[in-house]
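Taking the numbering used here, I'd label the letters of the sequence shown as residues 11 to 103. Glycine included, every Cβ here is placed at the ideal spot set by N, Cα and C. Since the model is a prediction, treat every value here as computed from it, not as a measurement. Contents: one structure, followed by commentary.
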Amino acid sequence: MISFDISKQPTYQAITNALKQALEVSSDCPFRRTFHSDQVWAYQMKNYVFIFKSHKIIQSMNRKGNCHDNSVMENFFGLLKEEIYYGSVLQLF
Numbered sequence: 011m012i013s014f015d016i017s018k019q020p021t022y023q024a025i026t027n028a029l030k031q032a033l034e035v036s037s038d039c040p041f042r043r044t045f046h047s048d049q050v051w052a053y054q055m056k057n058y059v060f061i062f063k064s065h066k067i068i069q070s071m072n073r074k075g076n077c078h079d080n081s082v083m084e085n086f087f088g089l090l091k092e093e094i095y096y097g098s099v100l101q102l103f
């Protein structure tokens, strides 16, 4: 994970902010960049897909109902959430 954005609700703007951060961080990457995600509505929007194509980023997405497609990333995010939130009292912002 190289970028993120936090908002009260999942908005196109919040997701785009995280993508822009990722583009800046990885702009000098000599290798092919791949974006792993689930099938959230924002990742399928034409504007978002255009950003991927214009920066030559490969979009990797699970097939609907098949968590095994991207099991390595699913496992990573599961562990990340567990370590971040386990035993924590979350505050509203």
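#1: Could you name the residues of the same chain whose beta carbon sits closer than 8 Å to that of Y58, not counting the 5 residues immediately before and after it, in chain order?
#2: Pop quiz: F62 and F45 are said to be a contact at Cβ under 8 Å. What is the actual Cβ separation, rounded to whole angstroms?
#3: CA-CA distance, F86 and I94?
#4: Beta-carbon separation of Q31 and I12 under 9 Å?
#5: For F62, which three-state DSSP category applies?
On the basis of the coordinates in this document:
#1: Position 48 of the sequence shown, counted from the first residue, corresponds to residue 58. The answer, listed in chain order, is Y22, I25, T26, L29 and A52.
#2: Translated into the one-based positions of the sequence shown, residue 62 becomes position 52. Translated into the one-based positions of the sequence shown, residue 45 becomes position 35. Indeed, because the Cβ distance is near 6 Å, the residues count as touching under 8 Å.
#3: If you number the sequence shown from 1, residue 86 lands on position 76. If you number the sequence shown from 1, residue 94 lands on position 84. Going from the Cα of F86 to the Cα of I94 covers about 12 Å.
#4: Counted from its first residue, the sequence shown places residue 31 at position 21. Counted from its first residue, the sequence shown places residue 12 at position 2. Yes. Within cutoff.
#5: Your numbering for residue 62 matches position 52 in the sequence shown. F62 falls in the helix class under three-state DSSP.
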